[in-house]
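Everything below concerns the one structure shown next.
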Amino acid sequence: MNENRHEEDNLLERLARSRAGIALAVILVLAGFSTYLLVDRSGAPEQEVADDTEEALADAPDWYRDGARAYERHCAACHQVDGSGSGRNFPPLAEHVPKVLTVEGGREYLIDVILYGIGGEIEVLGQRYRGQMPGFGRISDVEIAALLNYTAFAWGHEDQLPADFRRYEPKEIEARRNRGLAPRDVKVLRDELDLD
Ligand code: HEC
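Residues in the sequence shown are numbered from 38 upward in steps of one, following the working numbering.
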């Protein structure tokens with residue numbers, strides 16, 4: 038009798054435990070599913086575009102939106118999303134790119150910087166930088182044109198561009214490829230510009 042009672046208890050206990058187990062499992066599944074629903078999966082897996090940028094870009098033309106994404110993917114790690122640069126190593130592009138586009142040869146120089154990189158001491162907005170930027174020749178002509186157009190117009194640059202500025206075309210990028218330049222060669226090209 039005692040034995041039986043004991044077995045019964047055990048059974049009830051197991052049943053209670055398994056009910057709790059099932060309930061717990063259901064709760065976990067529901068919680069997991071609602072998290073799955075809440076998580077924003079709209080960003081590209083390679084590099085998330087910040088929500089505020091995504092919002093701000095909603096009404097932008099395609100070329101600008103594509104450029105913003107390419108910039109965030111390839112450039113923002115060093116030059117920052119807002120183009121302000123970083124510390125003593127990475128020069129700002131905000132307030133600076135329109136100046137480069139205004140000097141003779143500046144338009145082509147910017148393409149060379151992206152394709153081949155730049156290294157050596159340069160001065161940007163009154164501050165010296167002695168860094169090394171790698172070339173991004175592996176990026177497509179379309180994407181390089183897009184990110185250059187973005188840096189030309191972003192951060193309030195629109196009013197600072199030369200009056201005759203035209204957006205970059207992919208074929209302009211293609212035309213400057215395969216010249217075998219090293220970052221220090223691009224620095225020499227920079228010295229020939231009427232910058233600073
Ligand atoms: C790994 C970090 C890094 C990344 C990524 C990077 N840059 Fe740079 N960039 C630099 C550094 C460092 C310099 C300054 C080099 C020097 O001091 O000679 C520079 C310089 C420049 C310059 C030259 C400014 C001038 O006055 O001559 C431009 C333009 C530029 N970057 C644009 C870009 C763009 C556009 C991208 C995205 C394709 C990009 N950079 C990606 C590090 C980076």
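Cβ atoms here follow ideal geometry from the backbone N, Cα and C, with glycine treated the same way.
Model, not experiment: these values are computed from the prediction.
Could you tell me if the beta carbon of residue i falls within a distance shorter than 7 Å of some heavy atom in the ligand HEC?
i: Tyr101; result: no
i: Gly156; result: yes
i: Asn186; result: no
i: Asn215; result: no
Would you kindly work out how many angstroms separate the C-alpha atoms of residue i and residue j, rounded to a whole number?
i: Ala182; j: Lys224; result: 21 Å
i: Gly168; j: Glu158; result: 7 Å
i: His194; j: Val134; result: 8 Å
i: Ser121; j: Arg216; result: 30 Å
i: Asp149; j: Glu211; result: 11 Å
i: Asp178; j: Gly104; result: 12 Å
i: Ile176; j: Pro207; result: 11 Å
i: Gly174; j: Gly154; result: 9 Å
i: Gly163; j: Pro129; result: 11 Å
Answer with buried or exposed for residue i, where buried requires no fewer than 16 other C-beta atoms within 10 angstroms of its C-beta.
i: Ala95; result: exposed
i: Asn186; result: buried
i: Pro171; result: exposed
i: Glu180; result: buried
i: Asp119; result: exposed
i: Arg227; result: buried
i: Glu92; result: exposed
i: Ala7; result: With the chain running from 38 to 233 in the structure shown, residue 7 is simply not present.
What residue range is occupied by the uninterrupted alpha helix (DSSP H) comprising residue i?
i: Arg106; result: Asp99 to His111
Tell me which residue opens and which closes the beta strand (DSSP E) that residue i is part of.
i: Arg221; result: Element bounds for Arg221: not the beta strand (DSSP E) but the alpha helix (DSSP H), Pro220 to Asp228.
i: Tyr166; result: Gln164 to Pro171
i: Ile155; result: Gly154 to Val161
Would you grab the beta carbon distance between residue i and residue j for me? Rounded to a whole angstrom, and I think it's under 8 Å.
i: Cys112; j: Leu184; result: 6 Å
i: Tyr146; j: Leu230; result: 6 Å
So, does the CB of residue i fall closer than 8 Å to a CB anywhere in chain C?
i: Pro199; result: Of the chains in the structure shown, none is chain C; there is only one protein chain.
Quick one: is the Cβ of residue i within less than 7 Å of any heavy atom of the ligand GTP?
i: Ala114; result: Absent from the structure shown: the ligand GTP. Ligands present: the ligand HEC.
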